[in-house]
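Using the numbering used here, the first residue of the sequence shown is number 592, and each one after it goes up by one. Beta carbons: idealized from backbone N, C-alpha and C, even for Gly. Since the structure comes first, as structure tokens, the remarks are kept for the end.
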Amino acid sequence: MIHPTAIVDPEASLAEDVEVGPFSVIGPDVEIGAGSRIGPHVVIKGPTRLGERTRIFQFASVGEDCQDKKYAGEPTRLVMGDDNVIREGATLHRGTAQDRYETTIGSRNLFMAYAHVGHDCVIGSDCILANQVTLAGHVTLGDFAILGGLAAVHQFCHFGTHAMAGGGSIITKDTPAYVMINGNPAQPHGLNVVGLKRRGFDDEAIRALQDAYKLVYRRGLTVAQALETIESRYQLPETRTFVDSIRVASRGIVR
Numbered sequence: 592m593i594h595p596t597a598i599v600d601p602e603a604s605l606a607e608d609v610e611v612g613p614f615s616v617i618g619p620d621v622e623i624g625a626g627s628r629i630g631p632h633v634v635i636k637g638p639t640r641l642g643e644r645t646r647i648f649q650f651a652s653v654g655e656d657c658q659d660k661k662y663a664g665e666p667t668r669l670v671m672g673d674d675n676v677i678r679e680g681a682t683l684h685r686g687t688a689q690d691r692y693e694t695t696i697g698s699r700n701l702f703m704a705y706a707h708v709g710h711d712c713v714i715g716s717d718c719i720l721a722n723q724v725t726l727a728g729h730v731t732l733g734d735f736a737i738l739g740g741l742a743a744v745h746q747f748c749h750f751g752t753h754a755m756a757g758g759g760s761i762i763t764k765d766t767p768a769y770v771m772i773n774g775n776p777a778q779p780h781g782l783n784v785v786g787l788k789r790r791g792f793d794d795e796a797i798r799a800l801q802d803a804y805k806l807v808y809r810r811g812l813t814v815a816q817a818l819e820t821i822e823s824r825y826q827l828p829e830t831r832t833f834v835d836s837i838r839v840a841s842r843g844i845v846r
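Rendered as structure tokens:
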């Protein structure tokens, strides 16, 4: 299961059925869960925890020291859930002592070729980062977030659950849940209705979210006025998620 040219440190912990391809290097304090497949020429540096059925393709770098100039070798971590796919040349860095000490990634995410996840990011589950998407440090992605190829997210930005960014988007502000954005700088372009229908959102929830979107973006209200109106009009969990994603915005929302 481990190619003879691969280098696996004795202090790494791999489940019995983990496959490791030619010329890959796995350092100490790395844990890899059952059913995982590590391709050729992959580098994994610890402390890093990879869940079950992780699939990593050639030339990816996982758990490397971050690029933050303040990083001074502290024992930070990268922790990932199950069923993640990391494609060719992707780079996922550990955290920093200045923030969470940890980069945290959920399950069932797809990191396409040359995607980059910076230090201290928090990524939910079922996200898609297309080719060459770049997340700066301290970025938060909600579940089911989708970022098109070459999109870039500024540090400390929040990108909401079920939100979607078009290819090449430059994202310097927070993106509310369920919203589609595109451009440089990124601008809102309605709700991700197609994605919501595919994921089983019912008609009532989608209509409420469409109204909530209009209140924030098309009625000439302040953000505070829009949120108060939404909360007085709807008591659905979906609209609460939308409102909460705006309330937590630290950089202002894409508008």
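By the criterion of a C-beta distance shorter than 7 Å, P666 is surrounded in its chain by P638, once the five residues flanking it on both sides are discounted. Of the candidates A625, R810, H594, P601, the residue whose Cα lies closest to the Cα of V609 is A625. Runs of alpha helix (DSSP H) with 4 or more residues, each lying fully within the region 736 to 803, are found at 784 to 789, listed in chain order. Rounded to whole angstroms, the gap between the alpha carbons of V708 and E795 is 36 Å. The C-beta distance from D674 to T694 rounds to 18 Å, too long to meet the 8 Å contact threshold. In the structure shown, the three-state DSSP call for E655 is strand.
According to the DSSP assignment, V834 belongs to the alpha helix (DSSP H) that extends over 828 to 838. Given a length threshold of 3 residues, each whole run of the beta strand (DSSP E) inside the region 628 to 692 is given here in chain order: 639 to 641, 652 to 655, 668 to 671, 682 to 684. Apart from the 5 residues on each side of it in sequence, T832 sits with its Cβ closer than 6 Å to the Cβ of A768 in its chain, given in chain order. Annotation for E622: the continuous beta strand (DSSP E) segment containing it runs 621 to 623. Remark: C-beta atoms of A651 and V634 approach each other more closely than 9 Å. About 6 Å separates the CB atoms of Q649 and E679; that is less than 8 Å, so the two are in contact. A597 and P613 do touch by the CB rule: their CB atoms are close to 6 Å apart, below 8 Å.
In the DSSP secondary-structure assignment, E610 is bridged to R628.
Q816: member of the alpha helix (DSSP H) spanning 814 to 824, first to last residue. Distances from the CA of G697 to each of V807, R824, E655, G672 were compared; the closest alpha carbon is that of G672. For the 9 Å CB-CB criterion, I761 and A777 form a contact. Around the Cβ of P828, a 10 Å sphere holds fewer than 16 other Cβ atoms; the residue is exposed. Put simply, the backbone Cα of A840 is about 16 Å away from that of T830. By the Cβ neighbour-count rule, M592 is exposed, with fewer than 16 other Cβ atoms within 10 Å of its own. Look at V713 here: in three-state DSSP terms it is strand. In the structure shown, V807 adopts helical secondary structure according to DSSP, grouped into three states. Contact annotation, G728 with D659: C-beta distance approximately 6 Å; criterion of less than 8 Å satisfied. Of the candidates L800, R809, V676, V676 places its Cα closest to the Cα of V653.
Ranked by Cα distance from V784, the first of N773, L800, G774, N775 is L800. Taking A815 as reference, the option from G715, D802, P631, R838 with the minimal CA-CA separation is R838.
By the 16-neighbour rule on beta-carbons within 10 angstroms, N700 is buried.
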